[in-house]
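Visitor: In the order they appear, the protein sequences are chains A and B. For the first sequence, the positions run 1 to 293 when UniProt numbering is used. For the second sequence, the positions run 1 to 361 when UniProt numbering is used. Glycine included, C-beta positions come from ideal geometry on N, C-alpha and C. Structure in structure tokens, see below.
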Amino acid sequence: MGTFVQLVVDGLSTGSVYAAIALAIVLVHQATGLINFAQGGMAVLAVYIAWWLTTKDVPLILAILVSIAFSIAFGAVVERFLMRRFERGDPDTAVVVTIGLLTLITGVAGWLWTYNNQQFPSLFSLDTVNFLGVSVSQRSLGTTAVIIVVMVLLQALFVGTKLGLALRAVANNPESAAFSGLPVGRLLMVGWGLAAALGAVAGALVAPQLTLTPGMLDNALVYALAAVILGGLTSPVGVVVAAWLIGVLENLAAVYVSFIGYDLKVAVPFILIFVVLIVRPQGLFGRKTVVRV
Amino acid sequence: MARAVDTSPSSSLRQNPWLRRAVPLLVVVVLAVLPLVLTENTNDTLARIGVFAVAVLGLNVVMGYTGQVSLGQIFFVGLGAYVTGYGVQQGWNVVLAFLAACLAAAVAGLVVALAAARLGGLAIAMVTIALPIVGVPLAKRLSDVTGGSQGLSARFAEAPEATGLYDDQWVLYVVLVIGGAVFLLTRALVRGKYGRAFAIVKGNEAVASSMGISPYRYKVLAFTIASLIGGISGFLYMFVIQYTSPETMSFGHSIELLAAMVIGGAGSIIGSLLGGAYYVLVPELTNQVDSSLTALLQGVILLAVLFVLPGGLASLLRRLTRGRRRSGAGSGAAAPPTTPLSTAVSGTSAEEPGKERQGHA
């Protein structure tokens with residue numbers, strides 16, 4: 001029983017990281033209608049910058065904050081100078097552009113900092129605390145807590161501020177938003193910047209565990225996409241719940257289903273998707289969209 | 001609309017009955033003679049280009065012609081290679097190994113598509129991205145069949161005694177025959193009834209439904225055919241490279257394959273050929289410059305092509321041939337159809353001759 005609870009808590013912690021990247025993907029999709037496959041790559045670049053700063057004796061927390069600031073700027077620049085040209089066109093082309101961006105960012109990281117593994121310091125210690133009779137690492141608890149705080153902040157931004165209202169307006173209907181005088185372009189840049197910052201937080205949380213390489217978040221991106229499909233692209237809450245579900249299920253499957261084990265647990269979300277798709281094609285929480293010609 | 005404009009130059013070419021017969025004949029003769037006169041190294045490179053041109057062609061069926069982004073094509077190439085390798089090691093007849101590779105890839109593709117095509121829009125991309133990521137650990141896990149991380153090697157490419165050919169010549173001939181057949185069949189497919197249905201599904205799914213064309217069924221069909229072609233490419237991969245490992249179907253290769261398709265030209269037969277050439281030649285070139293720069297350069301090339309030449313290299317060729325015909329009118333029209341082939345070949349023949357040849361003198 002102790003192992004079970006521990007697996008669940010650890011699953012929630014890794015699930016939180018997938019949730020952060022999945023939320024970033026949903027944020028961009030809500031604003032622009034496209035899936036950013038470079039989301040993980042952008043996050044890795046941010047982690048590399050934080051890591052590079054720590055090797056220059058910058059305190060870890062400051063380095064992470066700088067990397068988040070960099071991400072906001074980078075996301076905005078990518079939107080303005082790369083994606084804007086493709087946003088209203090063929091979505092397939094736009095997706096290929098984000099895949100090109102992923103290749104480019106991976107290439108830049110590999111070129112600047114080699115493809116070797118780097119050790120990224122952790123914000124939280126690996127010491128365990130006793131929690132309802134099971135020992136859980138502070139890292140697991142800390143990761144989950146940070147992501148929950150970020151989600152609450154994000155929710156507050158969207159519901160409680162003028163900026164959030166404007167962002168939602170652009171997401172719902174860019175044309176109407178423009179008619180009512182909203183600076184749609186600038187808001188899209190903000191959306192991309194926020195998404196990139198979210199990725200940077202997730203990257204910094206997961207990097208100590210995975211060790212830093214240019215392809216570090218490739219798998220996490222896959223999990224995040226799985227969470228997006230499962231949760232439904234229109235529902236941020238659904239995406240987070242799905243990410244937690246995936247994190248917990250893959251952890252349990254790795255231990256209790258002997259064929260799956262640790263190397264094949266990446267298959268778990270897709271088996272889940274397979275089952276869900278047969279029953280509910282719009283995702284667990286998504287709304288069915290009706291297309292009019 | 002765009003499609004109708006795209007095909008117009010080639011259709012006006014086909015109005016000349018002499019050209020219509022002479023050009024394919026010329027191409028066949030050139031292809032028949034080339035392996036005999038080129039160096040071993042060039043033959044080997046051309047054979048590898050053939051392997052990946054077929055893989056890119058498969059991707060084009062689902063992505064270029066049907067508009068469904070697939071990031072999993074390399075998985076089917078790897079699957080085909082593994083099935084072929086396993087079959088050859090078990091002493092199967094080569095034809096049986098070929099059929100098994102096709103069947104395995106097609107069935108796997110069908111199963112994936114049945115689930116993925118239920119989702120609209122970009123979901124196929126999101127589901128297929130999992131294929132290489134699950135495929136690599138799966139290939140390592142099933143080590144009894146796949147040889148684990150060690151990989152699987154199978155040599156069955158020796159030229160038969162009777163032909164008197166060198167191995168590299170034999171390999172290239174086989175790639176040309178199988179690859180050529182796949183290209184011709186695919187060309188017929190995408191220009192026929194199914195190709196039009198694919199184009200309508202790509203254009204607007206709601207319109208397709210209203211015309212009685214089930215987007216779901218045609219997406220599944222396109223994906224299955226693409227997987228089947230991927231399986232054939234995997235067979236050729238094993239035939240030419242004679243070795244496969246989990247690395248064959250890694251995520252990076254999957255992305256490179258997609259980049260090759262876009263750079264060659266989405267929704268274009270010639271583009272598939274150019275894509276195959278890009279996939280094989282450009283990493284070799286960038287490795288010579290600086291191997292740590294390879295991924296960076298590939299990203300830059302992909303983005304640059306998307307910005308400057310959204311139709312890929314194939315659209316550049318089309319633009320060039322159209323321009324030439326406008327200025328040279330009529331008589332100059334003989335050149336265009338052969339340009340793609342000669343550029344693809346001349347790009348490779350510049351390489352220096354290789355080591356000793358193997359096989360029968």
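Just checking: is the beta-carbon of A:F86 within a distance shorter than 9 Å of some beta-carbon in chain B?
Guide: Closer than 9 Å: yes.
Visitor: Look at B:S254 and B:G72 and say whether their C-beta atoms are less than 9 Å apart.
Guide: Yes.
Visitor: Which residue from A:A204, A:A224 and A:L252 puts its Cα closest to that of A:I273?
Guide: Closest by alpha carbon: A:A224.
Visitor: For B:G149, report the span of its alpha helix (DSSP H) as first-last.
Guide: The question names Gly, yet the displayed sequence has Ser at residue 149 of chain B. It is not in any alpha helix (DSSP H) - B:S149 carries neither H nor E in the DSSP assignment.
Visitor: Can you grab the Cα-Cα spacing for the pair B:S214 / B:L131, in whole Å?
Guide: Answer to the nearest angstrom: the Cα atoms are 25 Å apart.
Visitor: What's the gap between the Cα of B:G78 and the Cα of A:V248?
Guide: Answer to the nearest angstrom: the Cα atoms are 31 Å apart.
Visitor: Anything in chain A within Cβ reach of B:Q298, meaning under 9 Å, just list it in chain order.
Guide: By Cβ distance, chain A contributes G100, T103, L104 and G107.
Visitor: Assign A:G123 to one of three DSSP states: helix, strand, or coil.
Guide: The displayed chain sequence assigns Leu, not Gly, to residue 123 of chain A. The answer is coil: DSSP assigns A:L123 none of H, G, I, E or B.
Visitor: Report all residues from its chain with a CB closer than 8 Å to the CB of B:Y218; omit the five preceding and five following residues, and keep chain order.
Guide: Taken in chain order, the residues that qualify are T66, Y194, A197, F198, V201 and A208.
Visitor: A:R186: which of A:V228, A:A254, A:G75 and A:L212 sits nearest, CA to CA?
Guide: The shortest Cα separation from A:R186 among A:V228, A:A254, A:G75 and A:L212 belongs to A:G75.
Visitor: Check whether the Cβ atoms of B:S227 and B:G87 sit closer than 9 Å, and answer yes or no.
Guide: Not closer than 9 Å, so no.
Visitor: How about B:T45: is its C-beta nearer than 9 Å to some C-beta of chain A?
Guide: No - not a single Cβ of chain A is within 9 Å of the one on B:T45.
Visitor: Beta-carbon of B:R20 versus every beta-carbon of chain A: anything under 9 Å?
Guide: Cβ-Cβ to chain A under 9 Å: no for B:R20.
Visitor: Counting only runs of 4+ residues fully inside the segment 7-84 of chain A, write out the alpha helix (DSSP H) ranges in chain order.
Guide: Listed in chain order, they are 39-55 and 60-78.
Visitor: Going by the CB atoms, is the gap between B:L281 and B:V289 shorter than 9 Å?
Guide: Contact flag unset, no.
Visitor: Put B:S153 into one of helix, strand or coil per three-state DSSP.
Guide: Three-state DSSP puts B:S153 in a strand.
Visitor: Any beta carbon from chain B within less than 9 Å of A:W111's own beta carbon?
Guide: Judged by the 9 Å Cβ criterion, A:W111 is in contact with chain B.
Visitor: Run the CB neighbour count on B:T32, radius 10 Å, all protein chains shown included, and call it buried at 16 or more, exposed below.
Guide: Note on identity: in this sequence residue 32 of chain B is Ala, with Thr being the wrong assignment. Answer is exposed; the Cβ neighbour count stays below 16.
Visitor: Would you mind telling me which residues of chain A sit closer than 8 Å to B:S292, beta carbon to beta carbon, in chain order?
Guide: Near B:S292 (Cβ distances below 8 Å), the residues of chain A are G110, W111, T114 and Y115.
Visitor: Give me the Cα-Cα distance between A:I68 and A:V146, rounded to the nearest whole angstrom.
Guide: Approximately 14 Å, taken between the alpha carbons.
Visitor: Can you say whether A:Q155 is buried or exposed, counting buried as having 16 or more other CB atoms within 10 angstroms of its CB?
Guide: Answer is exposed; the Cβ neighbour count stays below 16.
Visitor: If you measure between the beta carbons of B:L273 and B:V182, is that distance less than 9 Å?
Guide: Not closer than 9 Å, so no.
Visitor: Using three-state DSSP, classify B:T244 as helix, strand or coil.
Guide: Correct three-state label for B:T244: strand.
Visitor: Considering just the uninterrupted stretch of the beta strand (DSSP E) at B:S272, what are its terminal residues?
Guide: Run containing B:S272: none in the beta strand (DSSP E); it sits in the alpha helix (DSSP H), I269 to V289.
Visitor: From this set, A:T54, A:V266 and A:T32, which residue's C-alpha is nearest A:W192's C-alpha?
Guide: Nearest of A:T54, A:V266 and A:T32 to A:W192, Cα basis: A:T32.
Visitor: Can you find at least 3 beta carbon pairs, one from the segment 41-49 of chain A and one from the segment 170-178 of chain A, that sit closer than 8 Å?
Guide: As far as the Cβ criterion goes, the segment 41-49 of chain A does not touch the segment 170-178 of chain A, which means the pair count is below three.
Visitor: Check each residue of the segment 19-39 of chain A: if its Cβ is closer than 7 Å to any Cβ of chain B, include it; give the result in chain order.
Guide: Listed in sequence order: I35.
Visitor: With a cut-off of 8 Å on the beta carbons, I'd call B:A125 and B:V69 a contact; round off their distance for me.
Guide: Their Cβ separation, rounded to whole angstroms, is 4 Å, which keeps B:A125 and B:V69 in contact under 8 Å.
Visitor: I'd like the list of long-range same chain contacts for B:V127, defined as Cβ closer than 6 Å, with 5 residues on each side in sequence excluded.
Guide: Excluding sequence neighbours, B:V127 sits near A116.
Visitor: If contact means a Cβ-Cβ distance below 7 Å, which residues of the segment 276-287 of chain B contact chain A?
Guide: Hits within the stretch: zero.
Visitor: If you measure between the beta carbons of A:F81 and A:A94, is that distance less than 9 Å?
Guide: No; because the gap between Cβ atoms is not below 9 Å, this pair is not in contact.
Visitor: Can you tell me which residues form a DSSP beta bridge with A:N130?
Guide: For A:N130, which the question treats as bridged, DSSP gives the partners A:S135.
Visitor: Is it buried or exposed for A:G199, if we count other Cβ within 10 angstroms and need 16 for buried?
Guide: Counting Cβ neighbours within 10 Å, A:G199 comes out buried, since at least 16 surround it.
Visitor: From the DSSP output, read off the bridge partner residues of A:Q118.
Guide: Per DSSP, A:L212.
Visitor: With three or more C-beta pairs closer than 8 Å as the rule, is the segment 11-23 of chain A touching the segment 89-104 of chain B?
Guide: In short, these stretches do not touch, since the Cβ pair count stays below three.
Visitor: Kindly indicate which three-state DSSP category B:Y216 falls into: helix, strand or coil?
Guide: In this structure, B:Y216 counts as helix in the three-state DSSP scheme.
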